[in-house]
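Trainee: Got a structure for you, questions after.
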């Protein structure tokens, strides 16, 4: 099998690449860095720039599946400029690569696109599954997800011979960055505390399980929308308490009030204060390596 990955330099992209190479698959990675060279015969880098619509067309040679992860990180302060980059980086790169696939008549088996559980409304009581997405006009991150998915669905109609799958990913726990790494470092100096009331649901997943399911989608040519979350969501209070425990620490400060979080993070506070309790109705035959939070944190804390 041969994969083409956009956004391959990120935490998830690297995890998927390493897993694919371990399976002896070939991996092509699109990058705007022309100087990248791999010593691994199964890994090759190709230049692209979605904004100027430049791409090395050889990147598609023999490719079975495109895995689309490209996008400016949402974990940047939501200034007007950064919000534009968060949204447009996803829409422009997705539109460009799908347009090239269609115009050049690229023969693919599948196209796997990342997305997020911000597709669902903020609720402390509601349980959301794949059919419960909402178009929430006053939520920036929801609009990013909805518009990104719409771009994929637009081309799904134009390219019916390709199996399209959209993976709505929950809170990814990884040693390399994100919530786990930040929380671990704060817990070491006893500065970790929950944000707001801390009763917001965190539908989490270990990065290894995310990578495994992306590869599975490529292998099985899945179609449709999938919630990529562990079967055991947890509240933020409990998640941070367990992170501290697994790093031989404890939480000694009270929760940070919501109004203070909003003062410091502005609109971006939506990322840490919102609550989505998400389940998947379509992962029944997928075996999680880390279905429970303690197993995941034990692994990450090694």
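Numbering (the working numbering), first residue to last: 8 to 309. Cβ atoms here follow ideal geometry from the backbone N, Cα and C, with glycine treated the same way.
Helix, strand or coil, according to DSSP, for residue 277 in the structure here?
Mentor: Locating residue 277 in the chain shown gives position 270, counting from the first residue. The answer is helix: DSSP assigns residue 277 an H, G or I state.
Trainee: Which of the three DSSP states, helix, strand or coil, is assigned to residue 162?
Mentor: In the chain shown, residue 162 corresponds to position 155, counting from 1. Here residue 162 sits in helix by DSSP.
Trainee: Checking 8 Å against the spacing of the C-beta atoms, do residue 207 and residue 282 come in under that value?
Mentor: Taking the chain shown and counting its residues from 1, one reaches residue 207 at position 200. Taking the chain shown and counting its residues from 1, one reaches residue 282 at position 275. The answer is yes: Cβ separation under 8 Å.
Trainee: What does a CB cutoff of less than 6 Å around residue 96 pick up in its chain, not counting 5 residues either side in sequence?
Mentor: As a working note, residue 96 is residue 89 in the chain shown. Closer than 6 Å at the Cβ level, and outside the excluded window around residue 96, lie 78, 79.
Trainee: As an exercise, report each continuous beta strand (DSSP E) stretch of at least 3 residues that is fully enclosed by the region 208–243, in chain order.
Mentor: 211–213, 231–235
Trainee: Taking 8 Å as the threshold, find out whether the region 26–35 comes into contact with the region 103–112 through three or more Cβ pairs.
Mentor: no
Trainee: In angstroms with no decimal places, state the Cα-to-Cα distance between residue 156 and residue 231.
Mentor: In the chain shown, residue 156 corresponds to position 149, counting from 1. In the chain shown, residue 231 corresponds to position 224, counting from 1. CA-to-CA, the gap between residue 156 and residue 231 works out to about 11 Å.
Trainee: Residues in its own chain within less than 6 Å of residue 153 by CB, not counting five upstream and five downstream?
Mentor: Sequence index remark: in the chain shown, residue 153 carries index 146 (1-based). Same-chain partners within the cutoff: 142.
Trainee: Alpha carbons only, please: which of 129, 59, 33 is nearest the one belonging to residue 49?
Mentor: As a working note, residue 49 is residue 42 in the chain shown. Out of 129, 59, 33, the CA that lies nearest to the CA of residue 49 is found in 33.
Trainee: Looking only at DSSP bridge pairs, what is residue 123 linked to?
Mentor: Here residue 123 corresponds to residue number 116 of the chain shown, with the count starting at 1. Answer is 176.
Trainee: In the DSSP assignment, what are the bridge partners of residue 253?
Mentor: What you label residue 253 is simply residue 246 of the chain shown in a count that begins at 1. Its beta-bridge partners do not exist; DSSP assigns none.
Trainee: Helix, strand or coil for residue 62, going by three-state DSSP, please let me know.
Mentor: Counting from one through the chain shown, the residue named residue 62 turns up at place 55. Three-state result, residue 62: strand.
Trainee: Within the same chain, show all residues whose beta-carbon is closer than 7 Å to that of residue 99, passing over the 5 residues directly before and after it, in chain order.
Mentor: As a position in the chain shown, residue 99 is number 92, starting the count at 1. Within the same chain, residue 99 has close Cβ partners 57, 58.
Trainee: Hey, how far is the Cα of residue 302 from the Cα of residue 192?
Mentor: Within the chain shown, the letter at position 295 stands for residue 302. Within the chain shown, the letter at position 185 stands for residue 192. Spanning the two alpha carbons is a distance of roughly 19 Å.
Trainee: Just to confirm, is the Cβ distance from residue 126 to residue 175 under 8 Å?
Mentor: Counting from 1 along the chain shown, the entry for residue 126 is found at position 119. Counting from 1 along the chain shown, the entry for residue 175 is found at position 168. Going by C-beta atoms, residue 126 is nearer than 8 Å to residue 175.
Trainee: Out of 279, 68, 149, state which residue places its alpha-carbon closest to the alpha-carbon of residue 123.
Mentor: Locating residue 123 in the chain shown gives position 116, where the first residue counts as 1. If we check each option's Cα against that of residue 123, 149 comes out closest.
Trainee: State the CB to CB distance for the pair residue 129 and residue 75, rounded to an integer number of angstroms; the pair is presumed to be in contact (CB under 8 Å).
Mentor: For the purposes of this step, residue 129 is identified with residue 122 of the chain shown, where counting begins at 1. For the purposes of this step, residue 75 is identified with residue 68 of the chain shown, where counting begins at 1. Not really, about 26 Å apart at Cβ, beyond 8 Å.
Trainee: Within its chain, find whatever has a CB closer than 8 Å to the CB of residue 137; leave out the 5 residues flanking it on each side and keep chain order.
Mentor: Looking up residue 137 in the chain shown gives position 130. Correct list, in chain order: 175, 231, 232, 233, 234, 287, 288, 289.
Trainee: Pull the bridge partners of residue 263 from the DSSP assignment, please.
Mentor: Counting from one through the chain shown, the residue named residue 263 turns up at place 256. BP columns for residue 263 point to 202.
Trainee: Ordered along the chain, which non-local residues of its own chain (more than five positions away) have a Cβ less than 7 Å from that of residue 85?
Mentor: Your numbering for residue 85 matches position 78 in the chain shown. When the five nearest sequence neighbours on each side are left out, the beta carbons in the same chain lying within less than 7 Å of the beta carbon of residue 85 are those of 147, 273, 274, 275, in order along the chain.
Trainee: Starting from the C-beta of residue 4, find all residues in its chain whose C-beta is less than 6 Å away, skip the five residues before and the five after it, and write them out in chain order.
Mentor: With the chain represented from 8 up to 309, any question about residue 4 goes unanswered, as that position is not in the structure.
Trainee: What residue from 197, 215, 240 has the CA that sits closest to residue 132's CA?
Mentor: Here residue 132 corresponds to residue number 125 of the chain shown, with the count starting at 1. Residue 240 is the option with its Cα nearest to residue 132.
Trainee: Are residue 61 and residue 215 touching if we call contact CB-CB under 8 Å?
Mentor: Here residue 61 is taken as the residue at index 54 of the chain shown, counted from 1. Here residue 215 is taken as the residue at index 208 of the chain shown, counted from 1. No. Outside cutoff.
Trainee: Identify which residue in 309, 236, 270 has its Cα closest to the Cα of residue 291.
Mentor: Taking the chain shown and counting its residues from 1, one reaches residue 291 at position 284. Nearest of 309, 236, 270 to residue 291, Cα basis: 236.
Trainee: Near residue 101, what residues of its chain come up, given a Cβ to Cβ distance below 8 Å and the 5 sequence neighbours on each side ignored?
Mentor: Here residue 101 refers to the residue found at position 94 of the chain shown. Hits under 8 Å: 75, 77, 120, 155, 158, 159.
Trainee: Rounded to whole angstroms, what is the Cα-Cα separation between residue 296 and residue 225?
Mentor: Counted from its first residue, the chain shown places residue 296 at position 289. Counted from its first residue, the chain shown places residue 225 at position 218. For residue 296 and residue 225, the distance between alpha carbons rounds to 19 Å.
Trainee: In the DSSP assignment, what are the bridge partners of residue 117?
Mentor: Residue 117 sits at position 110 when you count from the first residue of the chain shown. DSSP, once it has assigned bridges, lists 72, 170 as partnering residue 117.
Trainee: Between the Cα of residue 255 and the Cα atoms of 264, 308, 267, which residue gives the shortest distance?
Mentor: Stepping through the chain shown from its first residue, residue 255 is reached at position 248. Comparing Cα positions, the closest option is 308.
Trainee: Under a three-way DSSP split, which group does residue 301 fall into?
Mentor: Within the chain shown, residue 301 is the residue found at index 294, counting from 1. It is helical.
Trainee: Within this structure, are the beta carbons of residue 280 and residue 265 separated by less than 8 Å?
Mentor: Working through the chain shown from its first residue, we reach residue 280 at position 273. Working through the chain shown from its first residue, we reach residue 265 at position 258. Cβ atoms of residue 280 and residue 265: closer than 8 Å.
Trainee: To the nearest angstrom, report how far apart residue 261 and residue 204 are at their CA atoms.
Mentor: Translated into positions along the chain shown, residue 261 becomes position 254. Translated into positions along the chain shown, residue 204 becomes position 197. The alpha-carbon atoms of residue 261 and residue 204 are separated by roughly 10 Å.
Trainee: Could you tell me how far apart the beta carbons of residue 305 and residue 253 are, in whole angstroms, since I believe they sit closer than 8 Å?
Mentor: As a working note, residue 305 is residue 298 in the chain shown. As a working note, residue 253 is residue 246 in the chain shown. Sure, about 6 Å apart at Cβ, within 8 Å.
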